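Quick notes on the structure that follows.
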Amino acid sequence: MTQDEKEHIKINQPEIIQSILGKPPSSITTYGIGLVGFAFFILLLLASWVSYPDVVQAPIVINRSNPPIKLLPKVQGRITKIYFGDKSSVNKGDVLASIEHEANLENLDELKALLSKIENFDDPKEILDIETMEDMQGGELQAEVSDIMLQIQTLQQELKETIVFKKIKSLEQEIAQTKKLNLSMQSQEKIFSQELSNIQKDFTRAKKLNSQGVISNADLEKSESAFLSQKRQLESMKSGRLTNEVRIEQLNTQIITLQQERRTSVEAKWKNLKQTAQNMESSLSKWQNTFQIKAPISGQLSFGKVWYLEQFITTQDEYCAIIPNRNADKPFAYGELGFAGSGKVKVGQICNIALDGFPVQEYGLIKGKLAEIALLPTKESYQIKITLPDTLMTTYKKIIPFRPESKGTVTIVTEDKSILGRIFDQMRNVLKNK
Numbered sequence: 061m062t063q064d065e066k067e068h069i070k071i072n073q074p075e076i077i078q079s080i081l082g083k084p085p086s087s088i089t090t091y092g093i094g095l096v097g098f099a100f101f102i103l104l105l106l107a108s109w110v111s112y113p114d115v116v117q118a119p120i121v122i123n124r125s126n127p128p129i130k131l132l133p134k135v136q137g138r139i140t141k142i143y144f145g146d147k148s149s150v151n152k153g154d155v156l157a158s159i160e161h162e163a164n165l166e167n168l169d170e171l172k173a174l175l176s177k178i179e180n181f182d183d184p185k186e187i188l189d190i191e192t193m194e195d196m197q198g199g200e201l202q203a204e205v206s207d208i209m210l211q212i213q214t215l216q217q218e219l220k221e222t223i224v225f226k227k228i229k230s231l232e233q234e235i236a237q238t239k240k241l242n243l244s245m246q247s248q249e250k251i252f253s254q255e256l257s258n259i260q261k262d263f264t265r266a267k268k269l270n271s272q273g274v275i276s277n278a279d280l281e282k283s284e285s286a287f288l289s290q291k292r293q294l295e296s297m298k299s300g301r302l303t304n305e306v307r308i309e310q311l312n313t314q315i316i317t318l319q320q321e322r323r324t325s326v327e328a329k330w331k332n333l334k335q336t337a338q339n340m341e342s343s344l345s346k347w348q349n350t351f352q353i354k355a356p357i358s359g360q361l362s363f364g365k366v367w368y369l370e371q372f373i374t375t376q377d378e379y380c381a382i383i384p385n386r387n388a389d390k391p392f393a394y395g396e397l398g399f400a401g402s403g404k405v406k407v408g409q410i411c412n413i414a415l416d417g418f419p420v421q422e423y424g425l426i427k428g429k430l431a432e433i434a435l436l437p438t439k440e441s442y443q444i445k446i447t448l449p450d451t452l453m454t455t456y457k458k459i460i461p462f463r464p465e466s467k468g469t470v471t472i473v474t475e476d477k478s479i480l481g482r483i484f485d486q487m488r489n490v491l492k493n494k
């Protein structure tokens, strides 16, 4: 290569390099690259700063701590009596409706009053004031009704029975006469005793005179015979009086036996009647619980549908519900949390509730706090309980009236997480869980 060629390559070397590297960037290009880098930095900053929560949703029902009690009949049949209407206030034990049956309700009311009287009686004699109802129609309880009526009649007859009292009166009269006889015998004994004393003195004198030879032995024997005869009569009289005393004791024993037998018989019948009345009350209560719909608590009735007399109702039909009269109870929301995402849900997390009957766009959300999570699931969900404010005020400052069994959806706010954190979570998932 000549010297000139070398010089030519040397001179043109920058152009070669320039052609290889390209044209250097202009100031606009440099500014654009910087702006893109700055924008990317801002996006990263925003991604790390901007966050939004993870949420888990679940269906809920709003109630109070003592929720309404739904009442269903125990038997199916036609409705024969309706005692209260919608929104009526009732007390515990009130009969709300009756299902068709064979018994006469008026008779059963009388029977209930009768059983209550028997339960409160302390003296069997009080049963004499009761009039039995022989024509009572007890329907399914007819056999028991007939039995208790028969027991009442039997006890009344025994209490009215006079034969025992006549026997006792006769025995008492005999005792009185025997006592009078004894009094008479006691008087006679005194006279006989005095006479015996005199005869004994005569006998003593006769013995003395006989020893002196004044009277014969025959006269002495006559005097002795008179003494012994009088003494024998006195002892016989005493023996008769003792026999009468024994007779009086026997008569008293007979009276006590008659009284005890009657008392035992009356007490046994009275005890059986009391027990039968208790059993009858239990049977009547079971009958009422079967053929009558009764209020288990005090509260206000709420009917889900209109019922009419003679309308057929089954054991699957809800007749009504009773809302307890406890305004102090706090409202709660009860829900079923599905398995998906349930691990992120914790007690104390914020809950946003949207009620089906109150559109969120118009009324807003009700704020609550998660109070309880069931330890074990039921079927495919966990039971949860959410505390609510006493007044159901929404985020739009609107007050929602409390309506038991109101349905809706709860959104549980589990955790705030940035956008950048979520990106890293995705990257970690890709790298770790290949």
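Residue numbering for the sequence shown follows our numbering, starting at 61 and increasing by one per position. In this text, a Cβ means the ideal position worked out from N, Cα and C, and glycines have one as well. This one's a predicted model, so the numbers in the text were calculated from it and none came from an experiment.
For Y394, there is no enclosing alpha helix (DSSP H); the enclosing beta strand (DSSP E) has its first and last residue at 391-398. Residue pairing for F372: DSSP places it in a beta bridge opposite R138.
When rounded, the separation of the alpha-carbon atoms in Q211 and L435 is 58 Å.
Sorting K458, I382, I444 by C-alpha distance to the C-alpha of G153 places I382 at the top.
In this model, I357 and Y379 are separated by some 15 Å (Cα to Cα). Taking 8 Å as the cut-off, the Cβ atoms of I129 and I373 do not count as close.
If the five residues before and after V115 are omitted, its C-beta is found closer than 7 Å to the C-beta atoms of T471, I472, V473, T474, all from its own chain and listed in chain order. In the DSSP assignment, Y423 falls within the alpha helix (DSSP H) that extends over 420-423.
Contact between the region 258-275 and the region 347-366 is not established, with fewer than three Cβ pairs separated by less than 8 Å.
Classified as exposed, I102 has fewer than 16 neighbouring CB atoms from the shown chains inside 10 Å of its CB. Nearest Cα to G428 within the set K329, N332, K439, K445: K445.
Membership of L415 in the beta strand (DSSP E) is indicated by the continuous run 410-415. In the DSSP secondary-structure assignment, I120 is bridged to G395, G468.
The beta carbons of N304 and L241 sit closer together than 8 Å. For Q213, the uninterrupted alpha helix (DSSP H) segment begins and ends at 202-220. P391 is positioned such that its CB atom lies closer than 8 Å to that of L448. Counting the other Cβ atoms within 10 Å of the Cβ of L171 gives 16 or more, which makes it buried.
Contact check for N312 against I235 passes: the beta carbons are separated by less than 8 Å. Scanning N126, N258, L168 for the CA closest to the CA of S345 turns up L168. A straight-line Cα-Cα distance of about 37 Å links M453 and V155. By the Cβ test, the region 278-297 is in contact with the region 251-258, since at least three Cβ pairs between them sit closer than 8 Å.
For K427, the enclosing beta strand (DSSP E) begins and ends at 426-433. Assigned with DSSP and collapsed to three states, G92 falls in helix. If one requires a minimum length of 3 residues, no beta strand (DSSP E) run lies completely within the region 267-294. If the five residues before and after G359 are omitted, its C-beta is found closer than 6 Å to the C-beta atoms of I382, I383, P384, N385, all from its own chain and listed in chain order. A straight-line Cα-Cα distance of about 19 Å links A157 and S343. The C-alpha of R463 lies about 12 Å from the C-alpha of T451.
For the options I433, K354, S325, V205, the alpha carbon positioned closest to that of Q409 is the one of I433. Per the DSSP secondary-structure output, K354 pairs in a beta bridge with V155.
Each of K331, P133, F399 was checked against the Cα of A355, and the nearest Cα belongs to P133. When secondary structure is reduced to three states using DSSP, D169 falls in the helix class.
Burial is judged here by how many other beta carbons sit within 10 angstroms of a residue's own beta carbon; K439 has fewer than 16 and is exposed. By the CB criterion at 8 Å, L188 and K329 fall outside the cutoff. Below 8 Å, enough C-beta pairs join the region 454-461 and the region 415-428 to call them touching: three or more. The residues L219, in chain order, have a CB closer than 8 Å to that of K185 in the same chain once the five nearest residues on each side in sequence are set aside.
G97 counts as exposed, since fewer than 16 other C-beta atoms from the protein chains shown sit within 10 angstroms of its C-beta.
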